[in-house]
Amino acid sequence: IIEFQEFEDDPDKLNLRAPIITVMGHVDHGKTSLLDYIRNEKVADGEAGGITQHVGAYKVDVGESGITFIDTPGHEAFTQMRARGANVTDIVVLVVAADDGVMPQTIEAINHSKAANVPIVVAINKCDLPEANPSMIKAELTKYEVISEDLGGDTPVVEVSALKGDGVDDLLETLALVAEIEELKANFNTNASGYIVESRMEVGRGNVATVIVTRGTLKQGDFLYAGQAFCRVKSMFDHNNKTVKSIEPGSPIDIIGWDESPTAGDQFVAVKNQKDAKAKAEENKTKLKEHDNSSFSVETRVSDMMKLLQEGELNTVNVILKADTNGSVEAIKDGINKLATDDVNIQVVHSAVGGIVLSDVDLASATESLIIGFNVRPDSQARNMAQSKGIDVRTYNIIYELLDDIAEAVLGQMTIKTEEAIIGMVDVKTTFRAPKVGVVAGSIVSEGKVELDAKARLLRDGVVIYEGTIVSLRRFKDNVEVVNEGLECGIGLSDYKDIKEGDTIEILGEVEV
Numbered sequence: 293i294i295e296f297q298e299f300e301d302d303p304d305k306l307n308l309r310a311p312i313i314t315v316m317g318h319v320d321h322g323k324t325s326l327l328d329y330i331r332n333e334k335v336a337d338g339e340a341g342g343i344t345q346h347v348g349a350y351k352v353d354v355g356e357s358g359i360t361f362i363d364t365p366g367h368e369a370f371t372q373m374r375a376r377g378a379n380v381t382d383i384v385v386l387v388v389a390a391d392d393g394v395m396p397q398t399i400e401a402i403n404h405s406k407a408a409n410v411p412i413v414v415a416i417n418k419c420d421l422p423e424a425n426p427s428m429i430k431a432e433l434t435k436y437e438v439i440s441e442d443l444g445g446d447t448p449v450v451e452v453s454a455l456k457g458d459g460v461d462d463l464l465e466t467l468a469l470v471a472e473i474e475e476l477k478a479n480f481n482t483n484a485s486g487y488i489v490e491s492r493m494e495v496g497r498g499n500v501a502t503v504i505v506t507r508g509t510l511k512q513g514d515f516l517y518a519g520q521a522f523c524r525v526k527s528m529f530d531h532n533n534k535t536v537k538s539i540e541p542g543s544p545i546d547i548i549g550w551d552e553s554p555t556a557g558d559q560f561v562a563v564k565n566q567k568d569a570k571a572k573a574e575e576n577k578t579k580l581k582e583h584d585n586s587s588f589s590v591e592t593r594v595s596d597m598m599k600l601l602q603e604g605e606l607n608t609v610n611v612i613l614k615a616d617t618n619g620s621v622e623a624i625k626d627g628i629n630k631l632a633t634d635d636v637n638i639q640v641v642h643s644a645v646g647g648i649v650l651s652d653v654d655l656a657s658a659t660e661s662l663i664i665g666f667n668v669r670p671d672s673q674a675r676n677m678a679q680s681k682g683i684d685v686r687t688y689n690i691i692y693e694l695l696d697d698i699a700e701a702v703l704g705q706m707t708i709k710t711e712e713a714i715i716g717m718v719d720v721k722t723t724f725r726a727p728k729v730g731v732v733a734g735s736i737v738s739e740g741k742v743e744l745d746a747k748a749r750l751l752r753d754g755v756v757i758y759e760g761t762i763v764s765l766r767r768f769k770d771n772v773e774v775v776n777e778g779l780e781c782g783i784g785l786s787d788y789k790d791i792k793e794g795d796t797i798e799i800l801g802e803v804e805v
């Protein structure tokens, strides 16, 4: 929506800067513990008080230029920023628990990193546990083309314990070495620009934004804009809460002086005066309003892609694949690989078991991919975001129909499908038995409406486990024809009893999409 500025600098004016690191990994594998250890033991470096508050980014004094860590919610934030053109991360640290192995979010983090062409350093955590098996982890990672140096690959792997701090110094030294090889440079002697990591309101300080400077030197008194916000830099605080007057590329800083909170992922740019900063922010506000009054069209995006394929200007179809079982994923990937031609390659950017979620849509936006679902559905957040971004999400329950559509895409002949429209979404809160009906789903209508005799699809964690008809619909003790959004109801499904609390029911109709 708001295009980020790109800058070209004379190579002779570039100097080495600190690398910017994002830490990713499966939940409970120790990402937060590792970041906490580095922040508490390495950043404060024994200064009184240390750091107690949450900081969005901080810098460690290692190597020639130091190392900057971004503390974000993992690959979702990484890909959201990248989808908008903010290629902030230089190196990804992939945390894998030595006692657990490669898990779904591990695979997702690998695929997101590879899609962005960002080098990976693996930190095998919890190596202090008796059941730790680093060799098993290394072997598992080879299945995803992450091959450690001792197995003949080029991925550095470091064994650590975030709890005890074992191996953390080795990890930091490895990151400094990778950064040296990457030759990360920036122009220090120009107007500053970079990206917003997070923003918040603080008592006594007003709107505060944590930013990473990627180019130029940011100074107190500079005028900035970022998205719809603008700022005269009143003061800047580093990760030790100390006031600083200027900050160089590759470094994080907290900025005070914003007229409103900028959005995480926005690019900030320094301009010559407040008038220019305010004008750019107002211009961006207008662009966003215009975007809100229009929408990306899936039809237009698919049509444009097919035209480029037919004209030979596009030679790769990117696909994100989600399915109900590992067997389905492998069978479909195998089928897709056979459809590639000499002229058009098919790249499965990411594949996994489970429903289609927001991070899939972000990755699709960043990589211009189709999203393919087999016996799975998007959740409401993913569905709405895909619609607003014009991302083509296609769901199937027959493999050959899925492969036929991909084959048409390769030929540049794929068309918009006729699909069942979702006219309502229902969250199952409890279940109980009722005479004549059997198991009833005590539910609340979260979107749209529910109609008696409508087609319905029961989802568990995004996976389709039943398709049929609503045969019973009640409000309290009354049989009803329709229940609208926000109301509670009891739903009975035809010939199906295995309904559980936490399930979702989609209510279906038919429209062209």
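Numbering (this note's numbering), first residue to last: 293 to 805. Built from N, CA and C at the ideal position, the CB exists for glycine as well. Bear in mind the structure is a predicted one, so any value in this text is a computation, not a measurement.
Non-local beta-carbon contacts of S643 in its own chain, meaning distances under 7 Å to residues more than five positions away in sequence, involve L613, V621, K625 in chain order.
Pairing V450 with V410 gives a Cβ-Cβ distance that is not under 9 Å. The count of Cβ pairs closer than 8 Å, one atom from the segment 546 to 565 and one from the segment 521 to 536, reaches three, so the stretches are in contact. Your pair V720 and I797 checks out as a contact, with CB atoms roughly 7 Å apart and the cut at 8 Å.
DSSP lists no beta-bridge partner residue for H404. Here G542 is not near L510, since their CB atoms are 9 Å or more apart. In the DSSP assignment, the residues bridged to C781 are S735. Residue environment for R669: buried (at least 16 other C-beta atoms within 10 angstroms of its C-beta). When the beta-carbon positions are compared, I698 and A678 stay at least 9 Å from each other. Buried is the label assigned to A349, since at least 16 other Cβ atoms lie within 10 Å of its Cβ. Straight through space, the alpha carbons of S527 and R492 are spaced by roughly 15 Å. Looking at the backbone, the Cα of L306 and that of T360 are separated by about 19 Å. Contact annotation: the segment 504 to 518 touches the segment 559 to 567, with at least three C-beta pairs closer than 8 Å. A Cβ-Cβ separation of about 11 Å leaves T659 out of contact with V640 under the 8 Å criterion. Using a C-beta cut-off of 8 Å, the segment 313 to 321 makes contact with the segment 382 to 399, since at least three inter-stretch Cβ pairs fall below that distance. Taking all protein chains shown into account, S786 has fewer than 16 neighbouring C-beta atoms within 10 Å of its C-beta and is therefore exposed.
Apart from the 5 residues on each side of it in sequence, N403 sits with its Cβ closer than 6 Å to the Cβ of H642 in its chain, given in chain order. Only residues of its own chain outside the window of five on either side were considered, and among them M717, S738, E739 have a CB closer than 8 Å to the CB of S672, listed in chain order.
Residues of the same chain with a CB within less than 7 Å of the CB of I399, apart from the 5 flanking positions on each side, are Y436, A644 in chain order. Taking the Cβ atoms as the reference, V387 lies roughly 6 Å from V315, within the contact range of under 8 Å. From the listed residues R686, V503, A431, G496, the smallest Cα separation to E540 is found for V503. Straight through space, the alpha carbons of V763 and E780 are spaced by roughly 17 Å. For P544, the enclosing beta strand (DSSP E) begins and ends at 544 to 550. According to the DSSP assignment, G619 belongs to the alpha helix (DSSP H) that extends over 618 to 629. Distance between T633 and P311, taken at the CA atoms: about 39 Å.
Ranked by Cα distance from E605, the first of E356, M428, D635, Y788 is D635. In this structure, N499 sits near S553, with a CB-CB distance shorter than 9 Å. D420 is a Cβ neighbour of K456, given a cutoff of 9 Å. The shortest CA-to-CA distance from G760 to any of Y788, L631, N776 is the one to Y788. Across the set V495, A501, N483, the C-alpha of N483 shows the shortest separation from the C-alpha of G508. If you compare the alpha carbons of R309, V729, I638, G778 with that of I791, the shortest gap goes to V729. Taking 9 Å as the cut-off, the beta carbon of I799 is found no closer than this to the beta carbon of A726. Residue environment: N667 is assigned as buried (16 or more neighbouring CB atoms within 10 Å of its CB, all protein chains considered).
For the segment 408 to 484, the full-length alpha helix (DSSP H) segments reaching 4 residues or more read 426 to 434, 460 to 474 along the chain. Scanning its chain for C-beta atoms nearer than 6 Å, with the 5 sequence neighbours on each side dropped, one finds around D558 the residues I488, A518, G519, in chain order. Between L467 and G355, the C-beta gap is smaller than 9 Å, which places the two residues in contact.
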